[in-house]
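So the sequences go chain by chain: A and B. Quick note on my numbering: the first sequence kicks off at 1 and runs consecutively. Quick note on my numbering: the second sequence kicks off at 189 and runs consecutively. These notes concern the structure reproduced below.
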Amino acid sequence: MIVPSEKNHFLGHVLHEFSDGLYGYAMILSRDRTEAEDLVQETCVRAIQAIDGLRPGSNVKSWLFTILRNVWLNRLRGRRSAPKMVELDGDENTAQTAVAATKDPHALYVSKVERELIREAIQQLSREFREIIVLREYEDLSYQEIANILGCAAGTVMSRLGRARSKLRSLLSRSLRIPDRREKGARE
Amino acid sequence: MNRCDEQHTGILLYLDNALTGQKLEDFRAHLADCSDCRERLQEQPALSSLLWETRPLYSAPEALRARITAAAAERAAAVSRASIRNHKTRPQYLMRWLLDLRHPALPWKLLAAMTLVLVLGLVFIPDAIQRVRATDYVEAATQIHRSYLSGVLPLQCRSRSPEVITAWLVGKW
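This is the structure in structure tokens:
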């Protein structure tokens, strides 16, 4: 059994480990750096307050992402307006520099450019598609975990993910090495 | 929505090795007939590996990480302090407060006087209580006797029969 102080140490470790993922999800939802930081911080505060109620064996990662989504939805309801669209250009603060220590400078540059292009492509997707791409492809959550976070059926998650991937592929085909089936078909 | 659009789910499950039995057979049969879905299936790993290579999509700013770590550490410390406090029983906590050698809560002379009063109290208080109880008993008995002499207290039983008197006494036990 985890005693309260151990739970809090554990939560501190988990929050640190998932800070990139939570921030990424917050960016995908809000499309705004300042708001994303606020969302993550409020998520942490709520998680810290609620840690005593967390049952042993619970999926902490999924729990944190659910809290973040609820915080965002509450803010959205409170604001009673659509989220503000903010231009997302490159920023050294958010650009990942610690991709892989083993990569050479050219590989790092290519990786950074690719990441920028992928971010742009993902941000062009609808909110539903953005969420599902990030939760599945970047956070490795299972279909059921995503279904729990989004409050829908696992089947819905899978069909939505399939459509989101198709759309993303289509967007990336213009800038990256991903071939687009539709364009290829049109050429033929 | 055509038949191939419905295969999005099938392709994902197939790649996750989550298709079994008849569903797997049906999907394989569809793939054999459908070049579009075969292409889709082949394209998936390329997209997945590209996304994988660009992890994480965003990195939390250092200032945010620091705030998170500080908030968690502060909470852990607060819970730890509360836990230590709760684990001490009240007498232990009181004694520790009274006898803390580095920072005694009370001066030694006052502490000695309090101890002496406590000891004397423990010795004399039981005796005093006993004397009070004896006095009360004598006063109560005298009061009842006076009531009897003045005729205020009627006899509860009047009889010459030993059985009647015995029955009355038994009722008193």
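Built from N, CA and C at the ideal position, the CB exists for glycine as well. Remember, predicted model here, so these are calculated numbers, not experimental data.
Inter-residue Cα distance where the pair is residue i and residue j
i	j	result
V40(A)	D20(A)	10 Å
H218(B)	A234(B)	22 Å
Y109(A)	R119(A)	15 Å
V352(B)	Y336(B)	21 Å
E250(B)	Y23(A)	12 Å
L298(B)	N8(A)	43 Å
A147(A)	R174(A)	31 Å
T323(B)	L310(B)	21 Å
G37(A)	S247(B)	Checking the displayed sequence, the identity of residue 37(A) turns out to be Glu instead of Gly. If I take the Cα positions, the gap works out to 11 Å.
T354(B)	I313(B)	41 Å
W72(A)	A260(B)	21 Å
Q195(B)	E231(B)	14 Å
L357(B)	Y325(B)	21 Å
T156(A)	A164(A)	12 Å
E227(B)	L212(B)	18 Å
T257(B)	P105(A)	31 Å
T330(B)	R321(B)	15 Å
K112(A)	S223(B)	34 Å
E42(A)	L68(A)	8 Å
C192(B)	I199(B)	10 Å
S166(A)	S62(A)	25 Å
L150(A)	R160(A)	12 Å
G197(B)	F215(B)	In the sequence under discussion, the amino acid at residue 197(B) is Thr, which differs from the Gly named in the question. Straight-line Cα distance between these residues: approximately 10 Å.
A300(B)	L308(B)	12 Å
S347(B)	G339(B)	18 Å
Option nearest residue i by Cα separation, candidates the options
i	options	result
G12(A)	A47(A), S58(A), L76(A)	A47(A)
Y138(A)	L176(A), C152(A), R115(A)	R115(A)
L176(A)	S237(B), K211(B), R226(B), L207(B)	S237(B)
E17(A)	R321(B), P244(B), L304(B)	P244(B)
S126(A)	I67(A), R75(A), L171(A), N74(A)	L171(A)
W240(B)	R136(A), R69(A), T66(A)	R136(A)
D64(A)	Q49(A), S159(A), V113(A), C152(A)	Contrary to the premise, residue 64(A) reads as Leu rather than Asp in this sequence. It is Q49(A).
A206(B)	D52(A), R169(A), M158(A), L168(A)	M158(A)
V14(A)	E35(A), I51(A), R79(A)	I51(A)
R253(B)	C44(A), K61(A), G78(A)	C44(A)
Y202(B)	A220(B), L229(B), D221(B)	L229(B)
Local conformation of residue i per DSSP, three classes
i	result
P354(B)	A small correction: the amino acid at residue 354(B) is Thr; Pro does not occupy that position in the sequence shown. Three-state DSSP puts T354(B) in a helix.
D32(A)	coil
Y325(B)	helix
A129(A)	Note on identity: in this sequence residue 129(A) is Phe, with Ala being the wrong assignment. Of the three classes helix, strand and coil, the one that applies to F129(A) here is helix, per DSSP.
A254(B)	helix
T303(B)	helix
G202(B)	According to the sequence provided, residue 202(B) is Tyr. The question's Gly does not apply to it. Correct three-state label for Y202(B): helix.
S268(B)	helix
R69(A)	helix
D221(B)	helix
N59(A)	coil
S175(A)	coil
S335(B)	helix
Note to self: For the structure I just gave you, are there three or more beta carbon pairs, one from the region 140-153 of chain A and one from the region 252-270 of chain B, closer than 8 Å?
What the structure shows: no
Next item on the list: Indicate whether the contact test is met: 3 or more Cβ pairs, each with one atom in the region 128-139 of chain A and one in the region 21-31 of chain A, closer than 8 Å.
Entry: yes
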